[in-house]
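Down below is the structure, laid out as structure tokens.
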Amino acid sequence: MANRPHLCLSSSQRKDDHDKQIVLTVEVIAADIMQAATPVAVIGRFQDLTLCGLDRQCHQQISGKQSREQEFGGKLSELLDHGVFASHLGQLFLIPYKSVPLSPTYLLLAGMGEVGEFGPDELRLLMTNITMSLAIMGYDEFATVLIGVGNRSLSHGVALPQWMQGIVEGLQHSWPHIHSRSFRVKFYENNCKLVKHYCRHLNKIIAAIPREKDNDVQIKIQLLDSTFSQSSSRDQASPNVYENNSETNTVRRVDILSPSNSKEMAIDISQTKLVFRKLQYSAISDDALLSVREIEIQDYFAKRLPHFLNGVTNSFDSEIESFGRLVTNYLVPNDIQNALFNQSPITLVVDRRTAALPWEVAVKDVCGETRFLGVNPGIVRQFRTPVSGRQAVAPVLNKKLSILIIADPAGGKYRLPNAAKEGFEVALEFDHINQKWGGILKIQITLRIGCSADKQSNSVIVESTRSLTNVVKSAKPCDPMEVLSQIVNGDYDIIHYAGHSVFENGRAGWLFGEDCVFSASELMRLRRAPRLVFANACHSSDIGADQREDQLSEQASLAEAFFGRGVKNYIGTGWQVQDDKAREIAVTFYQNALNYPKPAVLGEALRIARKKCFRDYDSTWAAYQHYGQWNDRLINISETDIP
Numbered sequence: 001m002a003n004r005p006h007l008c009l010s011s012s013q014r015k016d017d018h019d020k021q022i023v024l025t026v027e028v029i030a031a032d033i034m035q036a037a038t039p040v041a042v043i044g045r046f047q048d049l050t051l052c053g054l055d056r057q058c059h060q061q062i063s064g065k066q067s068r069e070q071e072f073g074g075k076l077s078e079l080l081d082h083g084v085f086a087s088h089l090g091q092l093f094l095i096p097y098k099s100v101p102l103s104p105t106y107l108l109l110a111g112m113g114e115v116g117e118f119g120p121d122e123l124r125l126l127m128t129n130i131t132m133s134l135a136i137m138g139y140d141e142f143a144t145v146l147i148g149v150g151n152r153s154l155s156h157g158v159a160l161p162q163w164m165q166g167i168v169e170g171l172q173h174s175w176p177h178i179h180s181r182s183f184r185v186k187f188y189e190n191n192c193k194l195v196k197h198y199c200r201h202l203n204k205i206i207a208a209i210p211r212e213k214d215n216d217v218q219i220k221i222q223l224l225d226s227t228f229s230q231s232s233s234r235d236q237a238s239p240n241v242y243e244n245n246s247e248t249n250t251v252r253r254v255d256i257l258s259p260s261n262s263k264e265m266a267i268d269i270s271q272t273k274l275v276f277r278k279l280q281y282s283a284i285s286d287d288a289l290l291s292v293r294e295i296e297i298q299d300y301f302a303k304r305l306p307h308f309l310n311g312v313t314n315s316f317d318s319e320i321e322s323f324g325r326l327v328t329n330y331l332v333p334n335d336i337q338n339a340l341f342n343q344s345p346i347t348l349v350v351d352r353r354t355a356a357l358p359w360e361v362a363v364k365d366v367c368g369e370t371r372f373l374g375v376n377p378g379i380v381r382q383f384r385t386p387v388s389g390r391q392a393v394a395p396v397l398n399k400k401l402s403i404l405i406i407a408d409p410a411g412g413k414y415r416l417p418n419a420a421k422e423g424f425e426v427a428l429e430f431d432h433i434n435q436k437w438g439g440i441l442k443i444q445i446t447l448r449i450g451c452s453a454d455k456q457s458n459s460v461i462v463e464s465t466r467s468l469t470n471v472v473k474s475a476k477p478c479d480p481m482e483v484l485s486q487i488v489n490g491d492y493d494i495i496h497y498a499g500h501s502v503f504e505n506g507r508a509g510w511l512f513g514e515d516c517v518f519s520a521s522e523l524m525r526l527r528r529a530p531r532l533v534f535a536n537a538c539h540s541s542d543i544g545a546d547q548r549e550d551q552l553s554e555q556a557s558l559a560e561a562f563f564g565r566g567v568k569n570y571i572g573t574g575w576q577v578q579d580d581k582a583r584e585i586a587v588t589f590y591q592n593a594l595n596y597p598k599p600a601v602l603g604e605a606l607r608i609a610r611k612k613c614f615r616d617y618d619s620t621w622a623a624y625q626h627y628g629q630w631n632d633r634l635i636n637i638s639e640t641d642i643p
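Position one of the sequence shown corresponds to residue 1 (the numbering used here), numbered consecutively onward.
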């Protein structure tokens, strides 16, 4: 099919500047990149790891069925294993590849640095290096995927603008050494749905690229959407049950930050010292691109918002709605409010300080309907920047689930019978889910309930797990050392915790015993990263406003520490909740996240659980905070797996 031009956009320029113009064509192609007849195909690689993210498509194609490709793939893998090709950020290696017709002549191995440190700025730098290097070497074309997108790093919405800007800057830096006044980037994606999504966003991104000064190189950008007549390998494969699930959404993004480079401003009024802090907002979605908005709020009110909410959420009445309107109207600029309260879910990007604020309870009237952000349209949180340090590796997403349940581990005066009850009920729900899938899904549970020092715990566990022999692999009371070993050395998809959460000496963590707390420092030893951590933790309600904000910030730091070790989704509570409602939300969440035959994405599963609680006129829903990806899932099952 012929190429269809979508956009031709350029900066205004004078006639005598025409020689300093470069025509950049970005062609979006629905196909596998290793099928491209192109001089160079770019592959991204994290340091000390195999090819990652969407770039793994290239590796799979290299190791394909044809013997020459297979031989080359084996040799490349061996060289990578021996460290011949380093992958520090920005390092490039050009490798001859021409093994079969209709394939690249060279592979450009692009270093992405260490896992966990590859962010938007790093992607922009890498694309600048790639484009500039190839242009100066005499190439006028290369093929690439959206590097860095996938399980380990960036979302599509975050990556795409930096990817585009990096290419533009690479061409500008290559002047006057560039050999051609035209340049083509072939952007490959073998998911046709994403191709359409990319084209829509690239149109907006290109339009938003700032015009250069008259004496700078002018980049004239053409965007082409090319559709191949043959279906891609991914489209030919058995459809995944998630691909057609209406619960998978395009998620909008809003950043809410407390700028690190801005100091709090203090004003003396008589004997009173007023302290102000700044909040910065920006938003991007299918229908909105808002630049930075900045507001100042008084520190007194910011600190007391979370503390006040803890006192009004014991029942659902007009008080919590009034409080939600205060959160919206006091903290959020009007145009950002319009971006927040829409039909599609929102990803809220926060730092540790803005994470302490109760965004889920924000409320606004839209088309005659009162909408709480946590219920409609739904919300997930993410941290502003990836945490430095090497990440643990997540389990393979497949038809198996390995689950660790830790409930009421402390014992003694910290004993929580309702937490132990939650552990059993969650295990029972997993057993029901396992039965519904009829052998398609295989669930194994490691159950740690009660304290090992409690003599009654072992007999209670043995009696209570008699009916769960199909899913429970191991069941016994909690010994802090053994539980730590399970967390650090285990290979679990899910860790579910029900017990005390403590905040002491500036650290937050899970209470395993009177003098034993599992904190962020222990997470640094994690060898395998669970796909989900769900923490129904009991908080102290007897603290002041200043301590409450510090506590919430430290709780966010615990979630951030999980992310730093590669955990992609963390669900926890912001304040004290009722035990029965906590169990109900956890059970409802798992019912929907593992629903037969079409499991919900994690963001939607929690939204449904919140909404059920909301409809029961209980405000427990507002306490739950999900840090992670709205569209992530716990299992990978295709339609052909289901009878």
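No residue lacks a Cβ here, since even glycine has one placed at the ideal position from N, Cα and C.
- Under a 10 Å Cβ-count criterion, Y330 is classified as exposed, with fewer than 16 other Cβ atoms of the shown protein chains found around its own Cβ.
- For V601, no beta strand (DSSP E) segment is defined, and its DSSP state is neither H nor E.
- Nearest in C-alpha terms to R181, of all of I136, S485, T38 and R353, is I136.
- Counting only residues of its own chain and dropping the five nearest sequence neighbours on each side, V533 has a CB closer than 6 Å to the CB of I495, F562, V567 and Y570.
- R381 and V426 do not touch by the CB rule: their CB atoms are close to 23 Å apart, not below 8 Å.
- Nearest neighbour of G439 by Cα position, chosen from L126, P597, I130 and N203, turns out to be P597.
- Positions of the alpha helix (DSSP H) runs, each at least 4 residues long and wholly inside the region 159-219, are given as 192-208 in order along the chain.
- Taking a C-beta distance under 7 Å as the contact criterion, I445 and V472 qualify as a contact pair.
- Taking a cut-off of 8 Å for Cβ pairs, the region 185-204 and the region 30-38 touch, as three or more such pairs fall below it.
- CA-CA distance, A475 to Q91, rounds to 49 Å.
- Between D299 and V332 a beta carbon distance of about 18 Å is seen, past the 8 Å cut, so the two are scored as non-contacting.
- Rounded to the nearest whole angstrom, the CA to CA distance from C451 to A407 is 9 Å.
- Looking at the DSSP output, F383 sits in a beta bridge with V350.
- Q222 sits in a strand when the DSSP states are folded into three classes.
- Annotation for P120: the continuous alpha helix (DSSP H) segment containing it runs P120 to I136.
- In this chain, R528 is not harboured by any alpha helix (DSSP H), its DSSP state being neither H nor E.
- Judged by their CB atoms, A143 and T38 are nearer to each other than the 7 Å cut-off.
- Cβ contact annotation for R525 (same chain, cutoff 6 Å, sequence separation greater than five): V488, in chain order.
- DSSP places I295 within a strand segment (E or B) once states are collapsed to three.
- DSSP lists no beta-bridge partner residue for C367.
- In terms of Cα proximity to I219, the closest of S464, I206 and I22 is I22.
- For Y624, the uninterrupted beta strand (DSSP E) run begins and ends at Y624 to Y627, by DSSP.
- For the 7 Å CB-CB criterion, W175 and V217 form a contact.
- Taking Y627 as the centre and dropping the five residues before and after it, the same chain places the C-beta of R381, A559 and Y570 closer than 6 Å to its C-beta, in chain order.
- With fewer than three CB-CB distances shorter than 8 Å, the region 343-361 does not count as touching the region 393-410.
- Per DSSP, the continuous alpha helix (DSSP H) segment holding P480 begins and ends at P480 to N489.
- Counted as a single uninterrupted DSSP element, the alpha helix (DSSP H) harbouring L523 occupies residues A520 to L523.
- The alpha-carbon of E514 is positioned some 30 Å away from that of W621.
- One thing to note: D225 has its Cβ no nearer than 7 Å to the Cβ of V363.
- In this chain, V332 is not harboured by any beta strand (DSSP E), its DSSP state being neither H nor E.
- Looking at K278, H500, R615 and A600, the one whose alpha-carbon comes closest to that of G572 is H500.
- In the three-state DSSP reduction, R565 falls in the coil class, being neither helix nor strand.
- Boundaries of the beta strand (DSSP E) harbouring I43: V40 to R45, taken from the DSSP string.
- Under DSSP, D641 shares a beta bridge with no residue.
- About 6 Å separates the beta carbon of R293 from that of I336, a gap short enough to meet the 8 Å contact definition.
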